[in-house]
Structure formats: C-alpha cells, structure tokens
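Before any comments, here is the structure.
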Amino acid sequence: MKLTGVDSLIKKLEVDIDKKTENLLKKTGAYILKDVKMNTPVDTGRLKRSWKMNRELHQVTIYNNTKYAKHVEYGHRTRGSAKNLRYSPQTRTFSSNARRVVPGRHMLRNSVKRGKLFLSKEMAEIKIFGGD
Numbered sequence: 012m013k014l015t016g017v018d019s020l021i022k023k024l025e026v027d028i029d030k031k032t033e034n035l036l037k038k039t040g041a042y043i044l045k046d047v048k049m050n051t052p053v054d055t056g057r058l059k060r061s062w063k064m065n066r067e068l069h070q071v072t073i074y075n076n077t078k079y080a081k082h083v084e085y086g087h088r089t090r091g092s093a094k095n096l097r098y099s100p101q102t103r104t105f106s107s108n109a110r111r112v113v114p115g116r117h118m119l120r121n122s123v124k125r126g127k128l129f130l131s132k133e134m135a136e137i138k139i140f141g142g143d
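So in our numbering, the last one in the sequence shown is 143, and the numbering has no gaps at all.
If you want it as structure tokens, here you go:
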C-alpha cells in the first residue's frame with residue numbers, strides 16, 4: 012500500500028495552524044490593549060492614549076512610552092514638600108509627615124491575566140492545542 016499526498020497535507024496543516032495562531036495572537040493582543048486602556052486611570056488622558064501594540068511573527072508586545080507609566084503601574088513614594096517640614100528643637104531634626112506610598116494600579120498586569128483567560132477560552136473553541 013502506498014500513500015500519496017501526505018507531505019502536501021502536512022504542509023497545508025502547518026500553514027493552517029500558523030494562520031490560526033497568528034490570528035489568535037492578534038485577537039488576544041487587541042483584547043489586552045482594549046482592556047488595559049479601559050483600566051488605565053485618567054488625569055490628562057495622556058497615559059491612556061499612549062498604550063500601543065506591536066505585532067511581530069509569533070509575538071505581541073503591549074507597551075507605553077510615557078515616563079511615568081511604570082510609577083502608575085507599580086506604585087511609588089512621594090517625598091513631600093518644604094511646606095510640610097517640621098523642626099524639632101529637642102532632637103534638632105527636621106521631619107515631614109507628607110511622605111507616603113502611592114500604591115500601584117497594576118492595569119497592565121491585570122489585563123495580561125485576563126488576556127490569558129481569553130486566550131485559553133479561544134484555544135479551546137478552535138481546538139488548536141490538544142482538543143478532541
């Protein structure tokens with residue numbers, strides 16, 4: 012018995028899987044980008060407008076080039092101002108009660124978590140990696 016056309020069938024399946032994978036990456040990247048924009052806090056709107064997506068072969072990158080994006084994502088400390096300085100004559104030191112920690116908003120981290128759930132649901136629907 013001789014089978015013919017197996018090589019062409021394998022190539023066709025590889026191309027089909029590559030197309031499905033790239034489409035799935037594009038959909039997941041767009042989902043994460045939309046989600047991170049929705050969950051970004053707005054003061055001037057610059058941070059929200061600066062979210063971008065870059066797509067290459069088998070890779071999607073979500074990024075923000077504003078200088079303060081990491082401070083909003085992860086949190087930061089404030090130093091306080093000279094207005095809040097107090098002098099203690101007993102200890103001969105200055106102290107400030109204005110120092111505080113501003114917690115991070117984690118908009119990208121949370122969006123990536125939701126994106127992973129979206130990706131697993133989509134993969135189950137199209138049965139790419141190990142479906143019945």
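Think of the CB as a built atom: it goes at the ideal place given N, C-alpha and C, for glycine as much as any other residue.
The model shown is predicted, which means the values in this text are computed figures rather than measured ones.
Run through the DSSP bridge pairs and tell me what residue i is partnered with.
i	result
Ser106	Arg97
Gly86	Pro114
Using 10 angstroms around the beta-carbon of residue i, count the other beta-carbons present and answer buried if the total reaches 16, otherwise exposed.
i	result
Val83	buried
Met118	buried
Gly86	exposed
Thr104	exposed
Asp46	buried
Gly126	buried
Gly56	exposed
Determine the direct distance from the alpha carbon of residue j to that of residue i, and round the result to whole angstroms.
i	j	result
Thr89	Ser107	11 Å
Met64	Ala80	15 Å
Leu44	Asn50	10 Å
Tyr74	Val123	12 Å
Gly142	Trp62	Only weak support is given to the placement of Gly142: the predicted model assigns it a pLDDT of 47, under 50, and the question is left unresolved by the model.
Ile28	Glu136	14 Å
Measure the beta-carbon distance from residue i to residue j and round it to whole angstroms, keeping in mind my assumption that it falls under 8 Å.
i	j	result
Val17	Thr39	Going by Cβ atoms, the distance from Val17 to Thr39 rounds to 32 Å, so no, they are not a contact pair.
Lys31	Arg66	Contact doesn't hold; Cβ gap of about 15 Å is too wide.
Pro52	Arg120	Incorrect: roughly 14 Å between the Cβ atoms, too far for contact.
Met134	Leu35	7 Å
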